[in-house]
Every structure is written in C-alpha cells, then in structure tokens.
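Residue numbers (my numbering): 560 to 681.
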Amino acid sequence: MKKLAAAGIALVTSFSMLTVSPAEAAMASRNLITFWEHDDYQGARKDITCSTQQRDDLGALENQASSMANASYSGVDLYSGDNLTGVRYYAAPRSNDGDFTNNGFDNTVESLWFRKVPCDVG
Ligand SMILES: [Ca+2]
Ligand SMILES: [Ca+2]
Ligand SMILES: [Ca+2]
560 MKKLAAAGIA
570 LVTSFSMLTV
580 SPAEAAMASR
590 NLITFWEHDD
600 YQGARKDITC
610 STQQRDDLGA
620 LENQASSMAN
630 ASYSGVDLYS
640 GDNLTGVRYY
650 AAPRSNDGDF
660 TNNGFDNTVE
670 SLWFRKVPCD
680 VG
C-alpha cells in the first residue's frame with residue numbers, strides 16, 4: 560500500500576507541472592529573455608541571457624519571433640535590424656507578450672539591448 564500512495568503523489572506532481580504555461584516556466588530563470596517562433600509561446604524557443612548588454616544572436620529565430628517572455632529584471636530594447644538599428648520595441652522588466660502583431664513587431668527582432676547588467680536582480 561505504501562508503494563501505491565507514493566505513486567499517487569508522483570502522478571499529482573507531474574500533472575500540476577503540466578498546468579504551468581511556457582511563459583510562466585521561462586519567467587523562473589531571471590537572467591534572460593525568451594523568444595518563441597509562434598504566438599502564445601509556441602514553436603521553436605530561444606533564450607538570450609544578459610551576459611553582455613548587446614545581443615545579436617537570435618539564431619534561427621532572427622526575423623521569426625512572434626512572442627516573448629522577459630524574465631529578467633532589466634528592460635530590454637528589441638530592434639528590427641542588426642546592431643541595434645531600425646524600429647524599437649521595449650520589453651519591460653518581468654513582462655511577457657504572447658503576440659507581437661499588435662505592436663507591429665511580428666517576425667522582426669534581430670538585435671537587443673539589456674538596459675541593466677546584471678539583469679537577474681531587482
Ligand atoms: Ca513567427
Ligand atoms: Ca528584422
Ligand atoms: Ca503584443
């Protein structure tokens with residue numbers, strides 16, 4: 560009987576983890592901003608840390624990101640072009656956006672700037 564009870568607890572634990580959304584899970588990291596290929600935190604994912612203020616390495620998500628979660632305690636300026644050029648979108652500290660379309664920023668970001676480094680403390 561003890562074994563059964565333990566299995567029950569394990570089941571409940573794994574089930575409750577499934578209710579955490581991708582955006583909520585990303586917000587636990589604190590030192591990065593996360594981008595997703597599609598709206599609502601779906602598709603390919605890319606984490607960008609604040610190891611330096613300027614980051615240009617969106618990789619496969621360059622000009623493909625459609626949603627984001629900024630888990631860091633830094634505001635992050637997102638730019639439509641390489642090397643902090645073009646149109647800017649401001650991601651507030653500890654914020655997320657499930658759809659860039661209403662910001663005119665869908666499939667657009669190529670470079671970004673962390674306003675505060677280190678970015679994992681408030
Ligand atoms: Ca996209
Ligand atoms: Ca672009
Ligand atoms: Ca939006």
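Yeah, the Cβ is synthetic: ideal placement off N, Cα and C, and Gly gets one too.
Check: residue i C-beta below 7 Å from any heavy atom of ligand 2
i	result
T667	yes
Integer Cβ distance of residue i from residue j, believed to fall under 8 Å
i	j	result
S626	W595	5 Å
Check: residue i C-beta below 7 Å from any heavy atom of ligand 1
i	result
E621	no
S639	no
A624	yes
E583	no
Minimum C-alpha distance to residue i - residue among the options
i	options	result
P668	G681, V579, R653 and L643	One detail in the question is off: residue 668 reads as Val in this sequence, not Pro. When only C-alpha atoms are compared, the closest one is L643.
N661	S654, D598 and S588	D598
G645	A628, S654 and G663	G663
D636	Q612, D665, P677 and S580	Q612
S610	Y638, R589 and G681	R589
F659	Y638, P677 and C678	Y638
* Can at least three beta-carbon pairs, one atom from the segment 596 to 603 and one from the segment 629 to 643, be found at a separation below 8 Å? -> no
* Stretch pair the segment 612 to 622 + the segment 649 to 656: three plus CB contacts closer than 8 Å -> no
* Chain-ordered list of residues that sit, by beta carbon, closer than 6 Å to a heavy atom of ligand 3 -> D656, D658, F659, N661 and N662
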